[in-house]
Amino acid sequence: MVNYAGYIVLLPLVGFLVNGLFGKKMNSEKLSGVIGSGCVGVSFALAVAILFEMMKAPVGERAHIVEIFQWIAAGSLTINAAYQIDQLSIVMTLVVTGVGFLIHVYSIGYMHGDKGFWRFFAYLNLFIFMMLNLILANNFVLMFLGWEGVGLCSYLLIGFWHDRKFDTGGYKPGTATTSDAAKKAFIVNRIGDFGFLIAMFMIFHLFGSLTFEDVFSRAAAVGTVGDKTFFWITILLFLGATGKSAQIPLFVWLPDAMAGPTPVSALIHAATMVTAGVYMIARCSVLFALAPLTMNIVAGIGMATAVFAATIGLVQNDIKKVLAYSTISQLGYMFVGLGVGSFAAGIFHVITHAFFKALLFLGAGAVIHAMHEEQDIQRMGGLKEHMPTTYKTFFVAALAISGIPPLAGFFSKDEILFRAFSQGSVVLWLFGWITAGLTAFYMFRLVSLTFEGAPRWNKDKHPHEAPKVMTVPLIILGVLSIVGGFIGIPASLGGNNALEHWLDPVFERSRMYLALLPDTSASSEYFLMALSIAVAVGGVLFARTLYLRKPEVAQKIASSFKGIYSLFWNKYFVDEIYDAGIVTPVVKSSEKLLWKGIDIGIIDGMVNGSAKLMGWLSSRMRKIQVGVAQTYAIAFVVGILVILAILLGHS
Amino acid sequence: MNPSVDAIPLSYYLGVSAILFAIGVAGVLTRRNAIVVFMCIELMLNSVNLTLVGFSAFLGSTNGQILVFFVMAVAAAETAIGLAIIIAVFRNKQTINIDEINIMKW
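Chains W and H, in that order, give the protein sequences.
Okay, so the first sequence: first residue is 1 according to our numbering, each after it adds one.
Okay, so the second sequence: first residue is 1001 according to our numbering, each after it adds one.
What follows is the structure, encoded as structure tokens:
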């Protein structure tokens, strides 16, 4: 069965080619949609079959390498297009194809009537293809192909409605189109990719190979824990991860990426692509384990991002923006998990987050659809009567992300918080705990303002429940958001932490280098759990009282903390700071120095200068040509005489 | 072989040829009438022919004489074209004074 792994990757490519080349001619939404979703669905089925086969096999024989063809061979460098099917990659494959399939199906309803319907499905399939390359690659180069490929698809899909105006949220209003948001995503990611590339060069220089297995098995022979080289390699890889996974300092593209169609936000900018950084670090866990300093930075940045984004999320009014900042915040959690050496906890949160965040985005999409492209939650309210299914599933997802047991988010988030406490520090845990409260608060602010309370929209709108093709994926994701956490019930709650055990062989090697502390007692785990449940419930209840019963109090709080409120509202002015500190200097220096100085002055100057010099010389020379034949004849004769004299003089 | 030719040394031929050539050059450089200039060019050609024939006899080789035939054929063609150009110029400018025919400059 594992030999069919190549088809998991191939099928979405086939879907992309069919839809991309013939989609316009087919001119049938049904056909494009079925081909697009079908390919991903079959991939998912294959992945499930392989998972079952792996589960049956003994632990030592679960991982496989499936070689497809030799890709690059140059000198000592040989790179195969080969896929690594192991415990980690199969889990990620299931998430990508599974959630991807549901979102494809949902898109059939969401994109109905769009003139670029076939183009949308072609891009989505290409995205799945690239994402699977990223996940299944057995070497850095193929992973980088996927890494760049998903970036490209992200760019194409953010700018899918490239002619639409796009609200950046107060920053340079009214001028941006969605293609500006797409460019921003691409360029910011470029910075991270630069780090990834340099890290890859260093790895090849150090290890002489770019295959994961070679690199990780030789790591111990190459250096010891804390070596400077490992620090630089991992910090550069982490720079790549901050770009793709929207962490400080490169998170700025993700909120703007909401300019794309909502299924794209759900698939790429919440459930799958943005977790690529987390996956990459988990995959390179050996290298990161050898660089404790980087691990601390990863945890620190993750936590800073989690708090930072959550505070911004508190006050945003665009339904998708709230979810975008929530995504950044949750990604921060995952990095905390990785940073404290608990790679499995990070991956666990990737999985549960994929379920409930995809659900939240798809629910938001259904709302936006019903409200005729309205995204401002201040102009919603009372939608639960009109869209009961969406409301219920959205509510479940909000509970899950808030960390209310026994929903999915509780287990994964608590695992991370517990590890942050036992392996990290109290400060790390405290910030994580505060963020959990903030998360619960802003999610239920969103739920209350959108679905509950009195309607605040014009009566000429007629919100209605989405069609079945959209609600069924919502329901499935809703179920997954409820039960998804059961794959990782901790031992203290009577579970066996199945996911962690399943992933164990992948992270086994890294644990040799990690200085892990022994787990603290179960009683402290219970205590921490109780605290996180308390803060989650507190956040939920506070939000509901504030926005449903006493909206005037919310106003009062906002006006009495005007400074902080406007700081949050303006997203800490990060866009403005980047614009003033980086973008403007780069643009200005490019224009003044590089363009007008070096390009026009020196390069064009040299080319035009040589032409001018020739012109000037010629204008002097032409004076010699008088047009009188006898003058030429005299010159001719004199010339001959001179030559004759020289020749005779020599002989 | 003709004894009278044998009697005249090669240097005589070359001397006459050189004198003719110099006269031709002087004519080309000093005269203003295009036809006279033209005739002087012919003179130079013929002086060269004389050299060729002289050497040919001296060396006992016919190569030089054959080359002379070629020169004469080319000279005839050149004369025909040259005169045609002079006539065309005269029709346009009513003069064949080459000082006044200086339109071929930039």
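Note that CB positions come from ideal geometry on N, CA and C, so glycine has one too.
{"Asked": "Buried or exposed by the 16-neighbour rule on C-beta atoms within 10 Å, applied to D163 of chain W", "Found": "exposed"}
{"Asked": "Sequence-distant residues of its chain with Cβ nearer than 6 Å to F656 of chain W (five each side left out)", "Found": "Here chain W covers residues 1 to 651 and nothing more, so residue 656 of chain W does not appear."}
{"Asked": "Inter-residue Cα distance where the pair is I8 of chain W and F231 of chain W", "Found": "35 Å"}
{"Asked": "Span separating the alpha-carbon of I135 of chain W from that of R379 of chain W", "Found": "41 Å"}
{"Asked": "Collapsed DSSP secondary structure at E525 of chain W in the structure displayed", "Found": "helix"}
{"Asked": "Rounded C-alpha distance that separates Y565 of chain W from K571 of chain W", "Found": "10 Å"}
{"Asked": "Any C-beta of chain H under 8 Å from that of I634 of chain W", "Found": "yes"}
{"Asked": "Span of the beta strand (DSSP E) around A74 of chain W", "Found": "64-74"}
{"Asked": "N-terminal and C-terminal residue of the beta strand (DSSP E) that T78 of chain W is part of", "Found": "77-85"}
{"Asked": "Under 7 Å from the C-beta of A629 of chain W: neighbouring residues of chain H", "Found": "I1098"}
{"Asked": "Beta bridge counterpart(s) of D504 of chain W as assigned by DSSP", "Found": "Note: D504 of chain W sits in no beta bridge, so no partner."}
{"Asked": "CB contact below 8 Å: K1105 of chain H versus chain W", "Found": "yes"}
{"Asked": "Beta-carbon neighbours of V637 of chain W, restricted to chain H and to distances below 8 Å", "Found": "V1025, L1029"}
{"Asked": "V709 of chain W at chain H interface by Cβ criterion, 8 Å", "Found": "The question about residue 709 of chain W has no answer here: the residues shown for chain W are numbered 1 through 651."}
{"Asked": "Given 8 Å, three or more beta-carbon pairs between the region 391-404 of chain W and the region 492-507 of chain W", "Found": "no"}
{"Asked": "Alpha helix (DSSP H) segments (min. 4 residues) lying fully within the region 340-408 of chain W", "Found": "343-370, 388-402"}
{"Asked": "Bounding residues of the alpha helix (DSSP H) (the contiguous stretch that carries R1091 of chain H)", "Found": "1063-1093"}
{"Asked": "Proximal residues of chain W, C-beta to C-beta of F1102 of chain H below 7 Å", "Found": "According to the sequence displayed, residue 1102 of chain H carries Asn and not Phe. Going along chain W in sequence order, the residues near N1102 of chain H (Cβ under 7 Å) are V626, G627, V628."}
{"Asked": "Same chain, Cβ closer than 7 Å to L364 of chain W, neighbours up to 5 away in sequence not counted", "Found": "The sequence given here places Ala at residue 364 of chain W; Leu does not occur at that position. T262, I319, K320, L323, listed in sequence order."}
{"Asked": "Exposed unless 16 or more other CB atoms sit within 10 angstroms - verdict on S589 of chain W", "Found": "exposed"}
{"Asked": "Selection from W:M131, W:S76, W:V252, W:G409 that minimises the alpha carbon distance to V574 of chain W", "Found": "W:V252"}
{"Asked": "Range of the contiguous alpha helix (DSSP H) that encloses Y653 of chain W", "Found": "Here chain W covers residues 1 to 651 and nothing more, so residue 653 of chain W does not appear."}
{"Asked": "Start-to-end residues for the alpha helix (DSSP H) that takes in V34 of chain W", "Found": "29-56"}
{"Asked": "As assigned by DSSP and simplified to three states, the class of T177 of chain W", "Found": "strand"}
{"Asked": "Spatial distance of F421 of chain W from A306 of chain W (CA atoms)", "Found": "16 Å"}
{"Asked": "Cβ-Cβ distance between L250 of chain W and F441 of chain W below 8 Å", "Found": "no"}
{"Asked": "At least 3 beta-carbon pairs within less than 8 Å: the region 351-368 of chain W vs the region 102-114 of chain W", "Found": "yes"}
{"Asked": "CA-to-CA distance, F335 of chain W to F308 of chain W, given in whole angstroms", "Found": "14 Å"}
{"Asked": "Nearest-angstrom Cβ-Cβ length linking V225 of chain W and Y513 of chain W, presumed shorter than 8 Å", "Found": "5 Å"}
{"Asked": "Residue closest to I1096 of chain H, alpha-carbon to alpha-carbon, out of H:L1010, H:L1029, H:G1024, H:V1037", "Found": "H:V1037"}
{"Asked": "Start and end residues, alpha helix (DSSP H) containing G649 of chain W", "Found": "629-650"}
{"Asked": "Alpha-carbon to alpha-carbon, L446 of chain W and Y547 of chain W", "Found": "9 Å"}
{"Asked": "Unbroken stretches of the alpha helix (DSSP H), 4 residues or longer, contained in the region 575-632 of chain W", "Found": "584-589, 604-621"}
{"Asked": "Residues near A515 of chain W by beta carbon distance below 6 Å, same chain, minus five either side", "Found": "none"}
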